[in-house]
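Visitor: The numbering used here applies: residue 7 is where the sequence shown begins, and numbers increase by one.
Idealized CB from N, CA, C, for every residue including glycine.
Okay, handing you the structure first.
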Amino acid sequence: MTDLSNYRKVYDKSELVEGNLPEDPITLFKNWFIEVEESGAHGEVNAMTVSTFGLDGFPKNRVVLLKQFTFEGFTFYTNYNSEKGRAIAANPNVCLSFFWQEMERQVIIKGVAEKTSVNNSDGYFESRPHGSQLGARVSPQSEVIPSRHYLENNLKVLEAEFDGKEVPRPEHWGGYLVKPVEVEFWQGRPNRLHDRIRYKMQEDYSWKTDRIAP
Ligand SMILES: Cc1cc2nc3c(=O)[nH]c(=O)nc-3n(C[C@H](O)[C@H](O)[C@H](O)COP(=O)(O)O)c2cc1C
Numbered sequence: 007m008t009d010l011s012n013y014r015k016v017y018d019k020s021e022l023v024e025g026n027l028p029e030d031p032i033t034l035f036k037n038w039f040i041e042v043e044e045s046g047a048h049g050e051v052n053a054m055t056v057s058t059f060g061l062d063g064f065p066k067n068r069v070v071l072l073k074q075f076t077f078e079g080f081t082f083y084t085n086y087n088s089e090k091g092r093a094i095a096a097n098p099n100v101c102l103s104f105f106w107q108e109m110e111r112q113v114i115i116k117g118v119a120e121k122t123s124v125n126n127s128d129g130y131f132e133s134r135p136h137g138s139q140l141g142a143r144v145s146p147q148s149e150v151i152p153s154r155h156y157l158e159n160n161l162k163v164l165e166a167e168f169d170g171k172e173v174p175r176p177e178h179w180g181g182y183l184v185k186p187v188e189v190e191f192w193q194g195r196p197n198r199l200h201d202r203i204r205y206k207m208q209e210d211y212s213w214k215t216d217r218i219a220p
């Protein structure tokens, strides 16, 4: 047995106070994101877990990178034919989550995913390095492949084909915009009495906040 019961940490970095809450969760997300960046966090602050309902009935989480966020929602880029792409096509309800250890914070976002516009996906694809563009073309994400050699060989063929040329975005690769319906902010506090504030979207698209027991 590997016993981890002695892992214990006191959470005392920050707090969530009702009087200071912005009216919408995006503003609070932005404030938190900047504070985490400024806290000297190592690693990728924009790494988030995306959970989908799989076609096999199981939930599945995986990490992707948040590339944009606006008052509309949160955008990441992927292969639309991947396992997550197929899951989202069948059920666009997803959950995004961030764990920012340095600030003892967690954010959990329930939302509805939709493909970003062709223009948005083209714009982001064009901004990627040449090698990542070729990688997106070469990898049938989530499919079984015979070997690593298969990928590397196909990459070589594409490198020759697109040497000095612009790489077009494959149609099956692009962004998902996740429009939030509920956003929970969790701030670690001493004695396990953590702060949890939940924003829930109302029928008139305004946000209601509630404090949730830790
Ligand atoms: C730090 C990190 C960042 C990642 N960023 C992305 C990303 O932005 N887009 C993506 O499709 N996969 C990304 N991945 C890979 C995914 O976790 C996952 O393996 C891939 O999307 C296939 O998932 P699926 O088969 O469940 O669809 C990232 C993985 C890690 C660990």
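Measuring from each Cβ to the nearest heavy atom of ligand 1, keep the ones under 5 Å and list them in chain order.
Guide: My final list is 53, 68, 69, 70, 71, 84, 88, 89, 90 and 148.
Visitor: Judging by CA-CA distance, which residue of 66, 33, 109 and 25 is the nearest neighbour of residue 18?
Guide: Nearest of 66, 33, 109 and 25 to residue 18, Cα basis: 109.
Visitor: Run through DSSP, which three-state label would residue 57 get?
Guide: Residue 57 falls in the strand class under three-state DSSP.
Visitor: Where does residue 84 land, buried or exposed, given buried means 16+ other C-beta within 10 angstroms?
Guide: Its Cβ being crowded by 16 or more others within 10 Å, residue 84 is buried.
Visitor: Give the C-beta separation of residue 94 and residue 58 to the nearest angstrom, bearing in mind that I take them to be a contact with Cβ-Cβ under 8 Å.
Guide: Yes, residue 94 and residue 58 are in contact; Cβ-Cβ is about 6 Å, under 8 Å.
Visitor: Give me, in chain order, the residues of the same chain whose beta-carbon lies closer than 8 Å to that of residue 27; leave out the 5 immediate sequence neighbours on both sides.
Guide: Excluding sequence neighbours, residue 27 sits near 34, 203 and 215.
Visitor: Fully enclosed by the stretch 105-190, which beta strand (DSSP E) runs are 3 residues long or longer?
Guide: As far as the stretch 105-190 is concerned, its whole beta strand (DSSP E) runs of at least 3 residues are 111-121.
Visitor: Can you give the Cα-Cα distance for residue 158 and residue 207, rounded to whole angstroms?
Guide: Each residue's alpha carbon lies about 46 Å from the other.
Visitor: For residue 175, collect the residues of the same chain with a Cβ closer than 7 Å to its Cβ; drop the 5 residues on either side in sequence, then sort them by chain order.
Guide: 127, 128 and 131, listed in sequence order.
Visitor: Tell whether a beta-carbon distance below 8 Å holds between residue 185 and residue 118.
Guide: It is a contact, given that the beta carbons lie within the stated cut-off.
Visitor: Where does residue 35 fall in DSSP's three states?
Guide: If DSSP states are grouped into helix, strand and coil, residue 35 belongs with the helices.
Visitor: Pop quiz: residue 147 and residue 173 are said to be a contact at Cβ under 8 Å. What is the actual Cβ separation, rounded to whole angstroms?
Guide: With a Cβ gap of about 17 Å, residue 147 and residue 173 do not count as contacting.
Visitor: Taking Cβ positions, are residue 53 and residue 71 nearer each other than 8 Å?
Guide: In contact: residue 53 and residue 71 (Cβ atoms closer than 8 Å).
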